[in-house]
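Residue numbers for the sequence shown follow the numbering used here, beginning at -5 and rising by one. Every residue gets a Cβ at the ideal spot worked out from N, C-alpha and C, and that includes glycine. Data block below; observations after.
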Amino acid sequence: MNKSGFLNINKPKNITSHDLVDIVRKELGTKKVGHTGTLDPFAEGVMVLAVNKGTKFIEFFQNSYKEYHVVAELGIITDTFDITGLVKEKTEVTSEHIDQLYDVINSFVGYYEQVAPAYSARRYKGKRLYEYARKGKIINLPPKKVHIKKISNIKIENKLFEFDVEVSSGTYIRSLIMDIGYKIGCGAVTKKLVRTSIENFKLKNSIGYKEINYEKLLNPVDYLDFPEIKVKHGNKIENGIHIYVNNVKNFKQSFSKDTLIKIFNENNRFIGFAKTEKTSNFLNTLLKNEPESFERVAKLYKIFNQR
-5 MNKSGFLNIN KPKNITSHDL VDIVRKELGT KKVGHTGTLD PFAEGVMVLA VNKGTKFIEF
55 FQNSYKEYHV VAELGIITDT FDITGLVKEK TEVTSEHIDQ LYDVINSFVG YYEQVAPAYS
115 ARRYKGKRLY EYARKGKIIN LPPKKVHIKK ISNIKIENKL FEFDVEVSSG TYIRSLIMDI
175 GYKIGCGAVT KKLVRTSIEN FKLKNSIGYK EINYEKLLNP VDYLDFPEIK VKHGNKIENG
235 IHIYVNNVKN FKQSFSKDTL IKIFNENNRF IGFAKTEKTS NFLNTLLKNE PESFERVAKL
295 YKIFNQR
């Protein structure tokens, strides 16, 4: 039986995300391959692909924060917001523009409303935006709130600048660079883009697409930073019984209500996911004072029956 799991692949430039999925399908001899997020053909770096039963875990990574290293240039505006596009405008870059750059870059840390590039994979009426754009029809979608969690390692050399950035899912770095350029007043374009991580999947631990094989598969459970709860009578949980105080053996990490948690049985075998209905503080109090209580503390979300 074919193994299941995730592959942390370093996607090279000039191939599409779909190309990479096809390569994995061919190399592993399975059609059941999905991804946790695409990369533009122009971009490179971490792409996490799910194989066989690993595809059942994709939903738990779709809202993951991602980290990138970007290199950009002031004074150029293209239709794709990156250097591969058609140049629409060139502007003289002055020392005044460059003097503002550091502060303007940092001003985007936090939440802001961002417009997706016309040449992007975001969908509109069942089609990708780039499908419309290639036919000369530009779709202007309403802006979407994105989170720029952190910007670091800013380097500026005349018109060129670069930095590391951590962002929420659905954030376009090309749009961020474009917005930085607009705010300064001379425009800007992305010249190089490397995704360096998706949660705990790091570029330094990735493999090349020519190294793909079943031995490189990773267990997605190990890469999810969810609180953990260990239960007694795990077979009952696997059969659909929700988690009550008297089922709980112990738990790791604090959590609030409505938090997804990982469930393990007494032998540390992963069972699935549940959504908490009590806080960890409340559960801790119950375990100390009423360990045999039938009060429900978590509702099953998804069970992975591995018996």
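Residue i (DSSP reduced to helix, strand or coil)
{"i": "residue 107", "result": "strand"}
{"i": "residue 62", "result": "strand"}
{"i": "residue 9", "result": "coil"}
{"i": "residue 49", "result": "helix"}
{"i": "residue 127", "result": "Reliability of the predicted coordinates at residue 127 is poor, the pLDDT of 46 falling under 50, and no value is obtained from them."}
{"i": "residue 42", "result": "strand"}
{"i": "residue 29", "result": "strand"}
{"i": "residue 192", "result": "strand"}
{"i": "residue 286", "result": "coil"}
Residue burial classification, residue i (beta-carbon count within 10 angstroms, cutoff 16)
{"i": "residue 108", "result": "buried"}
{"i": "residue 12", "result": "exposed"}
{"i": "residue 268", "result": "buried"}
{"i": "residue 25", "result": "exposed"}
{"i": "residue 2", "result": "buried"}
{"i": "residue 242", "result": "buried"}
{"i": "residue 118", "result": "Because the pLDDT of residue 118 is 49, which lies under 50, any placement of that residue in the model is unreliable, and the question is left without a value."}
{"i": "residue 34", "result": "buried"}
{"i": "residue 82", "result": "exposed"}
Close Cβ partners of residue i (< 7 Å) along its chain, the five nearest in sequence each way excluded
{"i": "residue 87", "result": "68, 69, 153 and 180"}
{"i": "residue -1", "result": "45, 48, 211, 212, 213 and 214"}
Residue i: first and last residue of the uninterrupted alpha helix (DSSP H) it sits in
{"i": "residue 77", "result": "First-last for residue 77: undefined, no H or E at that position."}
{"i": "residue 147", "result": "Element bounds for residue 147: not the alpha helix (DSSP H) but the beta strand (DSSP E), 138 to 151."}
Unbroken beta strand (DSSP E) run spanning residue i, endpoints
{"i": "residue 72", "result": "70 to 72"}
Own chain residues within Cβ distance below 8 Å of residue i, not counting five before or after
{"i": "residue 157", "result": "63, 64, 99, 145, 146, 147, 148 and 149"}
{"i": "residue 19", "result": "25 and 27"}
Pair within 7 Å by beta-carbon distance, residue i and residue j
{"i": "residue 163", "j": "residue 141", "result": "no"}
{"i": "residue 227", "j": "residue 293", "result": "no"}
{"i": "residue 239", "j": "residue 289", "result": "yes"}
{"i": "residue 255", "j": "residue 298", "result": "no"}
Sequence-distant residues of the same chain with beta carbon closer than 6 Å to residue i, five excluded per side
{"i": "residue 197", "result": "39, 40 and 190"}
{"i": "residue 285", "result": "none"}
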